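Novice: What follows is a structure written as structure tokens; I'll ask about it next.
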Amino acid sequence: MSEELDPLADPIMLDLIGFVTGIVEMRKIDGPSEDEALLDAVGTLASQLMPPSFTISGTMTSEQLGQEISKKLSGHLLRLTACFGYLFTELAAVNDDDAVHVSTASLLRQMSLEIKQRSGDA
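Whatever position you read off the sequence shown (first residue = 1), add 5 for the numbering used here.
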């Protein structure tokens, strides 16, 4: 991909913030329902972020099939990785800064608002 990735301009970021916020809330639940809720959340995130479909020719070799799947998914995985990396870095920076006292939920809310404002300005 030749275009520069800007996680805060990527709509995937809102999905990830929702996912991480849900995980933060799930951690407050103790027991087997937390594991079930986490699996549901991961499945929902995966279905939101991956391409809805793509066509595979029945004449493709297994190598061609692998290349086609890789080509179709690589852009989505690159965006997802960039957004997760950015989100993790932001959370870690706030956590490591003793002078800043903000909850994870507040930081996630603030990031979400910034993304929505950016997309409204576009």
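Here a beta-carbon is modelled for each residue, glycine too, at the ideal position from N, C-alpha and C. Values in this document were obtained by computation on a predicted structure and should not be read as measured data.
Could you give the distance in angstroms between the alpha-carbon of residue 63 and the alpha-carbon of residue 76?
Specialist: Within the sequence shown, the letter at position 58 stands for residue 63. Within the sequence shown, the letter at position 71 stands for residue 76. If you take the alpha carbons of residue 63 and residue 76, they lie about 17 Å apart.
Novice: I'd like to know whether the C-beta atoms of residue 53 and residue 20 end up nearer to each other than 7 Å.
Specialist: Taking the first residue of the sequence shown as position 1, residue 53 is located at position 48. Taking the first residue of the sequence shown as position 1, residue 20 is located at position 15. Contact flag set, yes.
Novice: Taking buried to mean at least 16 other C-beta atoms within 10 Å of its own C-beta, is residue 123 buried or exposed?
Specialist: Counting from 1 along the sequence shown, the entry for residue 123 is found at position 118. It counts as exposed.
Novice: Measure from the alpha carbon of residue 84 to the alpha carbon of each residue in 44, 108, 51, 27, then state which is nearest.
Specialist: Within the sequence shown, numbered from 1, the residue matching residue 84 stands at position 79. Residue 84 has its Cα closest to that of 51, out of 44, 108, 51, 27.
Novice: Looking only at its own chain, which residues have a Cβ that is under 7 Å from the Cβ of residue 6, when we skip the five neighbours before and after it?
Specialist: On the sequence shown, position 1 is the one that residue 6 refers to. Residue placement at residue 6 is flagged as unreliable, the pLDDT there being 44, under the threshold of 50; the coordinate-derived value follows with that caveat. 80, 83, listed in sequence order.
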